[in-house]
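Residue numbers (the numbering used here): 10 to 129. Idealized CB from N, CA, C, for every residue including glycine. Okay, so here's the structure we're looking at.
Below, the structure is given as structure tokens:
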């Protein structure tokens, strides 16, 4: 997966290069490497693709979107499988993932809103 090449890249707001990335810059860069052009921010990226109804049906390279209910999408990451996500939060990292969201340490850090399949 292209995404693993950026593991531990530092977070940089607005970043979209290997020297610093934000969450949507990370997903945009990873998909560009695979020949797919995504919009720049997470909310725009959430408008693309097909909805995956259940996290258990997620596949590698599906995008998971996060945010509080009744608010816009505020975070995005790339699923490695139905239980793990690579995303940029502090740095590019791999965390556990389930139907509630991203689980890091002993608590949830991001609330799952939807999953989209960009690549069929």
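Note down, in chain order, each residue of its chain lying with its Cβ closer than 6 Å to the Cβ of residue 65, except the 5 sequence neighbours on either side.
-> 91
Integer Cβ distance of residue 122 from residue 75, believed to fall under 8 Å | 6 Å
Can you round the beta-carbon distance between residue 10 and residue 69 to whole angstroms, since I take them to be within the 8 Å contact cut?
-> 7 Å
Looking at residue 12 and residue 52, is the spacing between their C-beta atoms short of 8 Å?
-> Result no, Cβ atoms of residue 52 and residue 12 do not sit closer than 8 Å.
Secondary structure at residue 59, three-state DSSP: helix, strand or coil?
-> Here DSSP, grouped into helix, strand and coil, assigns residue 59 to strand.
Are the CB atoms of residue 44 and residue 31 nearer to each other than 8 Å?
-> no
C-alpha gap between residue 104 and residue 73, whole angstroms = Taking the Cα positions, residue 104 is about 12 Å away from residue 73.
For residue 15, which of helix, strand or coil comes out of DSSP?
-> helix
Contacting residues, own chain, Cβ-Cβ under 8 Å from residue 63 (five flanking each side not counted) = Around residue 63: 108.
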